[in-house]
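Novice:
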Amino acid sequence: MRLCAVSVDLDEIPNYFQIHGLPEPSGPGSTAVYDVALERLVQMAHDASVPLTLFAIGADVARPRAALGLVAARAKGHEIANHSRDHRYDLVRLDRSAIRDQIVGGVEAIERAVGERPVGFRAPGYTVNDTVFEVLAEHGVLYDTSVFPCPAYWAAKTAVIGAMSLAGRPSRSVVDRPTVLLAPTEPYHVGHPYWRRGDGLLEMPVQVTRGLRLPFIGTTVTLAGTTRARWLARMCLGAPLISLELHGIDLLDASDGLDALRPHQPDVRVATAKKLAALHAVFELLRRERYSFVTLREAAEAVAKY
Ligand SMILES: [Zn+2]
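Under my numbering, residues 21 to 326 are what the sequence shown spells out, in order.
#1: Let's test the definition: count the other Cβ atoms within 10 Å of the Cβ of M224 and tell me whether it reaches 16, buried, or not, exposed.
#2: Between I77 and G231, what straight-line distance do the alpha-carbon atoms span, to the nearest angstrom?
#3: Counting C-beta neighbours from all protein chains within 10 Å, is the total for M21 16 or more, i.e. buried, or is it exposed?
#4: Can we count D29 as close to ligand 1, meaning its CB is less than 7 Å from some heavy atom?
#5: Classify R217 as helix, strand or coil using the three-state DSSP reduction.
#6: Report the residue from A118, I100, D150 whose alpha carbon sits nearest the alpha carbon of V127.
#7: Comparing the CB of H40 with every heavy atom of ligand 1, is any distance shorter than 7 Å?
#8: Between the Cα of R189 and the Cα atoms of I39, V62, H300, which residue gives the shortest distance?
#9: Using the C-alpha atoms, what's the distance from L186 back to M64?
#10: Going by DSSP, name the residue or residues bridged to Y208.
#11: Is the separation between the beta-carbon of F168 and that of L156 shorter than 8 Å?
#12: Quick check: does the Cβ of P144 come within less than 7 Å of any heavy atom belonging to ligand 1?
#13: Who does L23 pair with in a DSSP beta bridge?
#14: Three or more beta-carbon pairs under 8 Å between the stretch 250 to 261 and the stretch 280 to 296, yes or no?
#15: So what does DSSP say about E318, is it helix, strand or coil?
#16: Runs of 3 residues minimum, wholly inside the stretch 228 to 297: which ones carry the beta strand (DSSP E) assignment?
#17: Measure the C-alpha to C-alpha separation of L114 and T247 and round it to an integer number of angstroms.
#18: Comparing C-alpha positions only, which one of A293, E32, D110, S312 sits nearest to D80?
#19: Within 10 Å of its beta-carbon, does L202 have 16 or more other beta-carbons around it, so buried, or fewer, so exposed?
#20: Helix, strand or coil for A101? Go by DSSP, reduced to three states.
#21: Answer yes or no: do L90 and L74 have a C-beta to C-beta separation smaller than 8 Å?
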């Protein structure tokens, strides 16, 4: 099996302001993910012949323009999946009924917006726990794709959140327990705890490289530039499923009304055209290495037969 699934979390711009502890944004930049990036993503997917799995936040798709964008993407063969109702970074700190509301609320909002029930879930900020998996299984979800067993990411996130709290500007983002680093890096069925193998829900982890388990995600690929992005992709070759996770903001830059994020996010300072070039370089390399591009739903079905 040599499959590559490219997924995109459509976290709208206010989420990034929350991560950095900034006041709520206003103006056209605040809806740039749905109003600008989504069309660029669909164009990129068309140019590269890559189907996407788009993870939408339920609260965002109540906006008619956002819903229309998803309907148009689905008509082109892209999968629409659930990224929770409100993108609560503290999902794992909520009680069971609030976790249920976040998961089921996302499913229902997306079903209302696009006319089809999503089968996949990704938690906000990659943080999950056993209750999340129990609720997903109870509600007939086919797969989860939130586990990110990446020591470099975990260490960086912990350091940044700690520094912000010391500076009196607390982030809304929360850190997962380091046990997530013990989880398999390839698709597996979760056990109890979820980072062990078992016979529960199918988990397709967010991609890390061989060896150092570096993050192979949109942020690192687009910041790396084409040459280093190809190197990162090569370090993933051989995996039965390469699950490349992007964010809508990966196809935006400061000129899209995101000037306020410039000091906080180096990726916003890189021009969209340059980031697109790095992504296309990765797609070309993987295709040359005989990877087939599929949605995460198709990947889940293939893993079940594998
Ligand atoms: Zn997100």
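Just so you know, even glycine gets a beta-carbon here, dropped at the ideal spot from N, CA and C.
Specialist: For this structure:
#1: The residue in question, M224, is buried, as its Cβ has 16 or more Cβ neighbours within 10 Å.
#2: Their Cα atoms are separated by approximately 33 Å.
#3: Exposed, since its Cβ has fewer than 16 Cβ neighbours within 10 Å.
#4: Yes; taking the cut-off as 7 Å, the Cβ of D29 has a heavy atom of ligand 1 nearer than that.
#5: Residue state, collapsed to three classes: strand.
#6: Ranked by Cα distance from V127, the first of A118, I100, D150 is I100.
#7: Not so, every heavy atom of ligand 1 lies at least 7 Å from the Cβ.
#8: Among I39, V62, H300, the Cα nearest to that of R189 belongs to I39.
#9: So the two alpha carbons sit approximately 40 Å from each other.
#10: Its beta-bridge partners are E223.
#11: Note that the C-beta distance between F168 and L156 is not below 8 Å.
#12: Checking every heavy atom of ligand 1 against the Cβ of P144, one is found closer than 7 Å.
#13: According to DSSP, which records beta bridges pairwise, L23 is partnered with L261, S312.
#14: As far as the Cβ criterion goes, the stretch 250 to 261 does not touch the stretch 280 to 296, which means the pair count is below three.
#15: Helix.
#16: Correct list: 261 to 267.
#17: Spanning the two alpha carbons is a distance of roughly 42 Å.
#18: With distances taken between Cα atoms, D80 lies closest to E32.
#19: So L202 ends up on the exposed side.
#20: In this structure, A101 counts as strand in the three-state DSSP scheme.
#21: Yes, these two residues count as a Cβ contact at 8 Å.
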